[in-house]
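Worksheet: one structure, shown below.
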Amino acid sequence: MTSKKAAIGDTVKFTRFGHTFFGTVTIIREQSIIVKLEPSDADRLSLDTPFTVVSHKHYKVVFV
1 MTSKKAAIGD TVKFTRFGHT FFGTVTIIRE QSIIVKLEPS DADRLSLDTP FTVVSHKHYK
61 VVFV
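Under full-length UniProt numbering, residues 1 to 64 are what the sequence shown spells out, in order.
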């Protein structure tokens with residue numbers, strides 16, 4: 001899905017469990033990024049925090 005690697009502060013789009021989510025990149029790792037989600041999206045994913053890991057293969061940069 002990735003067309004360009006994200007930079008910190010970029011907004012990315014990714015899919016989990018058949019639903020599309022948007023979040024802001026907070027940390028970049030070699031194989032993945034850490035994305036901050038809206039609290040309501042974190043609840044939908046049953047996450048304890050609004051942060052989740054997304055592989056570079058599974059997101060698309062939508063806003064820079």
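Quick reminder that beta carbons are idealized off the backbone N, C-alpha and C, glycines included.
Exercise. Would a C-beta distance cut-off of 7 Å place residue 4 and residue 54 closer than the cut-off?
Worked result: no
Problem set entry | Distance between beta carbons of residue 25 and residue 7, contact taken as under 8 Å | 7 Å
For this session: Verify whether the separation of the beta carbon atoms of residue 51 and residue 11 is less than 7 Å.
Result: no
Problem set entry | Cross-strand partners of residue 53 (DSSP beta bridge) | 34
Exercise. In terms of residue numbering, what span does the alpha helix (DSSP H) encompassing residue 44 cover?
Worked result: Note, residue 44: alpha helix (DSSP H), 39-44.
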